[in-house]
Amino acid sequence: MDPMGHPDLVRLGRSLRNRLDDTLDAEQTAARAAARRRRTLRDRLLDSEDRTENVVITTADGHLHRGIVDAVGVDHVVVVDGDIERFISIAHIVTVEAR
Numbered sequence: 029m030d031p032m033g034h035p036d037l038v039r040l041g042r043s044l045r046n047r048l049d050d051t052l053d054a055e056q057t058a059a060r061a062a063a064r065r066r067r068t069l070r071d072r073l074l075d076s077e078d079r080t081e082n083v084v085i086t087t088a089d090g091h092l093h094r095g096i097v098d099a100v101g102v103d104h105v106v107v108v109d110g111d112i113e114r115f116i117s118i119a120h121i122v123t124v125e126a127r
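In this note's numbering, the protein residues as written are 29 to 127.
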């Protein structure tokens, strides 16, 4: 009989593999959560630009700006709706809804 094929070792191996998989899943979940906490509004706008997402941006004065994120600068975002380009200060953005 092969000593590595002993039923106790097989069971132990499965148990250790399952624990390792659970630990890896927990670490990946924690890493994703930490990355989300470090993301800024500018990072999210850059993602929208890369995906050419339609967004609805609400500014501090209550205005809604709809369109596609065309560019993101250090302190502003450019949203295009048809032929209209809107330059919006990131400091004045209250919410961003991606669609």
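All C-beta atoms, glycine included, are put in the ideal place defined by N, C-alpha and C.
Query	Result
Inter-residue Cα distance where the pair is V102 and A119	11 Å
Residue ranges of each alpha helix (DSSP H) within the region 54-92, 4 or longer	69-79
Run of the beta strand (DSSP E) containing A119, from where it starts to where it stops	Unbroken run through A119: none, as it is neither H nor E.
Identity of the residue in E81, R72, N82, R79 nearest H104 by Cα	R72
C-beta contact flag for V97 and V107 at 8 Å	yes
Distance, D50 Cα to L92 Cα	44 Å
Test item: CB-CB of G95 and D109 under 8 Å	yes
Residue of E81, A58, G90 minimising C-alpha distance to E125	E81
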